[in-house]
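Q: Sharing a structure with you now.
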Amino acid sequence: MGRCTLLLLLYCTALVGLLPCGYTWREYRIRRSIDLSATNPLISDVRLPADLVPVSYSLYLHPDLQRATFTGTVNITILCTKRTNQITLHAHHDLRVDEVNLTVVPVVESAGTATPPSPLRIRRVDRVPKKPLLVIYFHDDLTVGTSYEARLHFDGNIWENTEGLFEGKYKQRSSDAVDSADTADDGPGSSEVRDHEHKYVGTYFRPHNARRVFPCFDEPAYKVPFQVAIVRPRTHHVLFNTALQRTEELGALVIDVFERTPPMSTFAFGFLLSDLTQVPDEQEQETASTANNGTVAGLKQVRVWARPDFHANVALVSERVRLILGKLQAYWGVALPLTKLDIVALPGFSYVKPADNWGLIVFKESELQQGYYNLAQELIYQWLGSWITPHWWSDAHVNKAIAGFLSADTAIQIDGAPEFEGKWPMTVLYSIYYEFSKRYPHSRITAMKQETTCSKTELVLRMLNFTLGGDTFRQGLQKFIQHREYRTFYGEDVWEALTKQAHLDGRLCESVTVNEVVDSWITKDRIPMVRVVRAYDKGKATVTQRLYLRERPHDVPEQDKMLWWIPLVVVRQDALDFTNTSATKWMKQVREVELDELPAADQFIIVNPEEIGPFPRNHLVWYPVFTLIDHIGRHIDMSAVHKKFETYVRTLLTPLYEELIGGQSEQEEPWQANLRSLAKSFLCRAGYKPCIEEAQRAFRKWMESAEPEMGNPVANQYICPVFKWGTREEWEFGLQRVINFPEGRVKSERTYLLKTLAGCPSQPSKIERLLTITVLEGNGNFTDNDISLIFKMLSGGSTGYTTLFNFLKDHWDTIKLRYVYALRYLAHQTDSFWDCCRFKDRESLWDNMINSATGLFTTQEGYDLVSRLYVQHQGEFGTAEHIIEKSLKNIKEETKWSDENLPVIEQWLDTFLATNGAASQKFYG
Numbered sequence: 009m010g011r012c013t014l015l016l017l018l019y020c021t022a023l024v025g026l027l028p029c030g031y032t033w034r035e036y037r038i039r040r041s042i043d044l045s046a047t048n049p050l051i052s053d054v055r056l057p058a059d060l061v062p063v064s065y066s067l068y069l070h071p072d073l074q075r076a077t078f079t080g081t082v083n084i085t086i087l088c089t090k091r092t093n094q095i096t097l098h099a100h101h102d103l104r105v106d107e108v109n110l111t112v113v114p115v116v117e118s119a120g121t122a123t124p125p126s127p128l129r130i131r132r133v134d135r136v137p138k139k140p141l142l143v144i145y146f147h148d149d150l151t152v153g154t155s156y157e158a159r160l161h162f163d164g165n166i167w168e169n170t171e172g173l174f175e176g177k178y179k180q181r182s183s184d185a186v187d188s189a190d191t192a193d194d195g196p197g198s199s200e201v202r203d204h205e206h207k208y209v210g211t212y213f214r215p216h217n218a219r220r221v222f223p224c225f226d227e228p229a230y231k232v233p234f235q236v237a238i239v240r241p242r243t244h245h246v247l248f249n250t251a252l253q254r255t256e257e258l259g260a261l262v263i264d265v266f267e268r269t270p271p272m273s274t275f276a277f278g279f280l281l282s283d284l285t286q287v288p289d290e291q292e293q294e295t296a297s298t299a300n301n302g303t304v305a306g307l308k309q310v311r312v313w314a315r316p317d318f319h320a321n322v323a324l325v326s327e328r329v330r331l332i333l334g335k336l337q338a339y340w341g342v343a344l345p346l347t348k349l350d351i352v353a354l355p356g357f358s359y360v361k362p363a364d365n366w367g368l369i370v371f372k373e374s375e376l377q378q379g380y381y382n383l384a385q386e387l388i389y390q391w392l393g394s395w396i397t398p399h400w401w402s403d404a405h406v407n408k409a410i411a412g413f414l415s416a417d418t419a420i421q422i423d424g425a426p427e428f429e430g431k432w433p434m435t436v437l438y439s440i441y442y443e444f445s446k447r448y449p450h451s452r453i454t455a456m457k458q459e460t461t462c463s464k465t466e467l468v469l470r471m472l473n474f475t476l477g478g479d480t481f482r483q484g485l486q487k488f489i490q491h492r493e494y495r496t497f498y499g500e501d502v503w504e505a506l507t508k509q510a511h512l513d514g515r516l517c518e519s520v521t522v523n524e525v526v527d528s529w530i531t532k533d534r535i536p537m538v539r540v541v542r543a544y545d546k547g548k549a550t551v552t553q554r555l556y557l558r559e560r561p562h563d564v565p566e567q568d569k570m571l572w573w574i575p576l577v578v579v580r581q582d583a584l585d586f587t588n589t590s591a592t593k594w595m596k597q598v599r600e601v602e603l604d605e606l607p608a609a610d611q612f613i614i615v616n617p618e619e620i621g622p623f624p625r626n627h628l629v630w631y632p633v634f635t636l637i638d639h640i641g642r643h644i645d646m647s648a649v650h651k652k653f654e655t656y657v658r659t660l661l662t663p664l665y666e667e668l669i670g671g672q673s674e675q676e677e678p679w680q681a682n683l684r685s686l687a688k689s690f691l692c693r694a695g696y697k698p699c700i701e702e703a704q705r706a707f708r709k710w711m712e713s714a715e716p717e718m719g720n721p722v723a724n725q726y727i728c729p730v731f732k733w734g735t736r737e738e739w740e741f742g743l744q745r746v747i748n749f750p751e752g753r754v755k756s757e758r759t760y761l762l763k764t765l766a767g768c769p770s771q772p773s774k775i776e777r778l779l780t781i782t783v784l785e786g787n788g789n790f791t792d793n794d795i796s797l798i799f800k801m802l803s804g805g806s807t808g809y810t811t812l813f814n815f816l817k818d819h820w821d822t823i824k825l826r827y828v829y830a831l832r833y834l835a836h837q838t839d840s841f842w843d844c845c846r847f848k849d850r851e852s853l854w855d856n857m858i859n860s861a862t863g864l865f866t867t868q869e870g871y872d873l874v875s876r877l878y879v880q881h882q883g884e885f886g887t888a889e890h891i892i893e894k895s896l897k898n899i900k901e902e903t904k905w906s907d908e909n910l911p912v913i914e915q916w917l918d919t920f921l922a923t924n925g926a927a928s929q930k931f932y933g
């Protein structure tokens, strides 16, 4: 078999009685959790002082649908745990708090007190600039161990699509209008006048937006009960965390008073004021806790709400909810203490994530029409999020990872989860591999970093589920959740519970903790590459690990010290068993280990069977193929090997594409259409004639139109193939459309045309023409931003950056004069702010040009070209001096890789193409 190199990418109160229900002093101490608190703070927030803790809230809210405003009062019972003379609360700057009618009084425990306690003397009330804080200062210190009640009045505005309290509306025809429209002959459009506008108001408090609606302790660790009353018009109803207790009259309005909530964080608080109606449910009255209908013990009501004409679309949701809850209760081994659960399909709901409040979950309408996964994920948050809560947002990643893992597992258990199209977890895996193998992962996008780190944690859980065993993993999570009801947790609490169970079941040696294993994975935004080399004559294999990087130079700090705990799961041909996923051996943060007692030389082994397959099992194996084609193709783009590689790609993809075309039908699976589109895109890039000719036919219609400036009738998928493989006339037509682009048309269409004009051509003459009119001639139809975009697009392939390099070399003096010297002279001659800015912009263009022209070469030939330019014009690069020096360093590193690997790649390609008889009659180039 030779030697096998595999990417093993795995995932792998001292005042007892005075503290709020469910609290211990443990939860107030500061403690570092390994799960991202240092590497990935989810949100930057102002922490409140620890000298006061909330005990309960009594909240009155009056949202006004007509004025889009709200008013309210809140009484917060607070326990003093440390001497202080102030109360600090979260209050958003948009929330107006009545600082004059604000009072704080001691809470008197004795019921026989004749006179009420006097309010504390307030020295002043401050709103802290640039921080969402309200601070109440007193003349005297508060008494440790005493409770106080802060009484505040507030008001604010309700905005559309705003976190906190938001409003929305939708149109729907009344039932009378529907009936009459069915029989009327008054023509099209007449039903429009019968449409009624419906308004609603709801809350979206995650992660820290309760402060936008009322002053509070807006941190997840503070879990206390709420007593809530909400005003509404008689035409609407209110859904809240808990069931309705009673309704009171208030003139033309009414007040709904709800049952006291259990202890919960402010982000779990939620309500919806609307006129949506309940979806009929045959099982609504059933309260059985048997496994037959999957109802969770104690849950009396599962209600689904939607607009009337959407009921049919969500008719099965309540049944799905009960089924999922039954599965989750069996997994957790403990019933969720909910008496009711409301699921809402809210029209016009625009948030990315559902509003997962305790006992009330608000979805987009489209999300409730999907399968089980989204439902399962939000229902898991009722257990792990609302009932048991992360102590701080850094720990929420572990919370989300568990929810993601279990929701996928639950959906697959119920119906095989066709909603994944067979992709989970592979879609997560490849995006993480791609991102964490970059030289600078997540260098600019913090939100992406949070998402991929969470996904990585989910894959670590998946790894543990396999290597510890499903039973041990589940019982460990059950240990974690036991006795934590209405409390908070740290991420390391999960790992400690899994460690105890793994030790008890003998799945992990006593000297090792799950915490150690997990820490090696989730504190690094990196992944390892594992190499397995068999010594067939000795029945052994050497396994090594190192940092996986797909970009050079490999100057990542301390990369040689980066080591992981890696489970080596080995499947052997002579004892084939894919059900045993226990680790044969662990790489315990060591560089190298040895596997022994392996089968004979003619017997295969599979390392890490769940993540890499030795043979094509289904369509999933093609997705990493496209990624690798793109990556390898870009890397060897400038070399002589690239032409052979393109022939290989054609040979590989043509049968796939033609098979998918032949089997195309309206009943096909979504993955088939997606795979066909990918194959076509890559073949077009490689010069597949049927694709190019189809694109040219479509493009010709635009060229022959009477008024080509009025719009582009060509689908975007056709433009790049025409500009790459088509005629000069076709490319020139596109150029003229950019130059003569009408003012009234959408600017993004022009931008796309310009990007493809620069980035797609495989002929240097087209690129030279574009550079001549923009850089040398200074055509006024092209802005500096246009030119910068052209430079960026030319860096995407060797034809582009090589042509740009030659253009720069051939016209050095003219370009340097235009971009640097002339404007530098102008900047010295004037004090004009705009002239100075223009000088800076042109210097930036110069820097971009040098970077795009010199930074992408990967061979010795490229190094020699750039080096000669540097020597010839040393001292003339100005602000770009450091850029070309960095380019030379990078190319030197890339050259090492090319020298080592290009001969190996070429030899392999020669053998493959000779064996497979690569045909070229269907291709250009």
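Each residue of the sequence shown is one higher than the last, beginning at 9 in our numbering. For glycine and all other residues, C-beta sits at the position ideal for the given N, C-alpha and C.
(1) Give a yes or no on contact between the segment 856–875 and the segment 903–913, applying the rule of three or more CB pairs nearer than 8 Å.
(2) With DSSP collapsed to three states, give me the class of W630.
(3) Given this structure, state the Cα-to-Cα distance separating Y68 from Q377, to the nearest angstrom.
(4) Compute the Euclidean distance between the alpha carbons of S528 and C699, then round it to the nearest angstrom.
(5) By alpha-carbon positions, which one of L346, L142, N748 ends up nearest to R55?
(6) Report back the beta-carbon spacing between L387 and P241 to the nearest angstrom; my notes put them in contact at under 8 Å.
(7) What residue from K207, L743, G752, D148 has the CA that sits closest to I798's CA?
(8) Measuring only the C-alpha atoms, how far is T237 from V246?
(9) Count the other CB atoms within 10 Å of the CB of D501; is the residue buried (16 or more) or exposed (fewer)?
(10) Can you tell which of T780, W572, Q611, N588 has its C-alpha closest to the C-alpha of R599?
(11) Taking the beta strand (DSSP E) that C517 falls in, what are its first and last residues?
(12) Could you tell me the alpha carbon to alpha carbon distance between G883 and E893, rounded to whole angstroms?
(13) Can you give me the Cβ contacts of Y145 inside the same chain, cut-off strictly under 6 Å, excluding the 5 residues immediately before and after it?
(14) Once the 5 residues before and after V436 are set aside, which same chain residues still bring their CB inside 8 Å of it?
(15) Using DSSP bridges, identify the partner residues of G80.
(16) Mapping the DSSP letters down to three states, classify L668 as helix, strand or coil.
(17) How about S806 and D638: are their beta carbons less than 8 Å apart?
(18) Could you give the residue range of the alpha helix (DSSP H) that holds L743?
(19) Determine the burial state of T6: buried for a count of at least 16 other Cβ atoms within 10 Å of its Cβ, exposed for fewer.
(20) Could you confirm whether any beta carbon from chain D is found closer than 8 Å to the beta carbon of F481?
(21) Excluding the 5 residues preceding and the 5 following K596 in the sequence, name in chain order all residues of the same chain whose CB lies nearer than 7 Å to its CB.
(22) Assign D585 to buried or exposed, taking buried as 16 or more other Cβ atoms, counted over all protein chains shown, within 10 Å of its Cβ.
(23) Just mark F472 as buried or exposed, buried being the case when its beta carbon has 16 or more other beta carbons within 10 Å.
(24) Between which residues of its own chain and Q421 is the CB-CB distance below 7 Å, once the five residues before and five after are set aside?
(25) Using a Cβ-Cβ cutoff of less than 7 Å, which residues in the same chain neighbour E375 once the five nearest sequence positions on both sides are dropped?
(26) With Y871 as the anchor, note down where its beta strand (DSSP E) starts and where it stops.
(27) How is C224 classed by DSSP in three states: helix, strand or coil?
(28) Quick one: any contact between the segment 660–668 and the segment 678–689, if contact means 3 or more CB pairs under 8 Å?
(29) If I follow the unbroken beta strand (DSSP E) through I263, where does it start and stop?
(30) How is the beta strand (DSSP E) around L555 delimited, first residue to last?
(31) With H, G and I counted as helix, E and B as strand and the rest as coil, what does DSSP make of W503?
(32) Could you work out which residue in P57, D533, D479, Y494 is closest to A510 when comparing CA atoms only?
(33) Could you give the first and the last residue of the continuous beta strand (DSSP E) run that contains W594?
(34) For the alpha helix (DSSP H) containing M711, list its first residue and its last residue.
(35) What are the uninterrupted segments assigned as beta strand (DSSP E) that are 3 or more residues long and contained completely in the segment 370–413, given in chain order?
A: Quick answer:
(1) Yes, the segment 856–875 is in contact with the segment 903–913.
(2) It is helical.
(3) Taking the straight line from one Cα to the other gives about 35 Å.
(4) Spanning the two alpha carbons is a distance of roughly 48 Å.
(5) Minimum Cα distance to R55 is reached at L142.
(6) At roughly 31 Å, the Cβ-Cβ gap does not stay under 8 Å, so L387 and P241 are not in contact.
(7) Considering only alpha carbons, the answer is L743.
(8) Note on residue identity: the sequence assigns Ala, not Thr, to residue 237. Going from the Cα of A237 to the Cα of V246 covers about 10 Å.
(9) With at least 16 other beta carbons inside 10 angstroms of its own, D501 counts as buried.
(10) That would be W572, whose Cα lies nearest to the Cα of R599.
(11) Careful: C517 lies outside any beta strand (DSSP E) and carries neither H nor E.
(12) Between G883 and E893, the C-alpha separation is close to 12 Å.
(13) For Y145, where only same-chain residues beyond five positions count, the Cβ hits under 6 Å are Q94, R131, R132.
(14) Same-chain partners within the cutoff: S463, E466, L467.
(15) Beta bridge pairing from DSSP links G80 with L69, F162.
(16) Secondary structure at L668: helix, using DSSP grouped into helix, strand and coil.
(17) For S806 and D638, no; Cβs fall outside 8 Å.
(18) 736–747 is the span of the alpha helix (DSSP H), which, as asked, contains L743.
(19) The requested residue 6 is not part of the displayed model; the chain covers only 9 to 933.
(20) Chain labels in this structure do not include chain D; a single protein chain is all it has.
(21) The residues are W573.
(22) Within a 10 Å sphere around the beta-carbon of D585 sit fewer than 16 other beta-carbons, which makes this residue exposed.
(23) Rather than Phe, the amino acid found at residue 472 in this sequence is Leu. Classification of L472: buried, given that the 10 Å Cβ count is 16 or more.
(24) If we look at Q421 and ignore the five residues flanking it on each side, its Cβ neighbours are K335.
(25) Leaving aside the five residues that flank E375 on each side, the residues in its chain whose CB is nearer than 7 Å to its CB run, in chain order, P362, N382.
(26) Careful: Y871 lies outside any beta strand (DSSP E), inside the alpha helix (DSSP H) at 868–880.
(27) If DSSP states are grouped into helix, strand and coil, C224 belongs with the strands.
(28) Verdict: yes, contact present.
(29) 261–266 is the extent of the beta strand (DSSP E) around I263.
(30) Under the DSSP assignment, L555 falls in the beta strand (DSSP E) whose first and last residues are 548–555.
(31) Residue state, collapsed to three classes: helix.
(32) Cα-wise, what sits closest to A510 is D479.
(33) Per DSSP, W594 belongs to the beta strand (DSSP E) from 593–596.
(34) Looking at the DSSP string, the run of the alpha helix (DSSP H) that includes M711 is 697–711.
(35) DSSP runs (the beta strand (DSSP E)) wholly in the segment 370–413: none.
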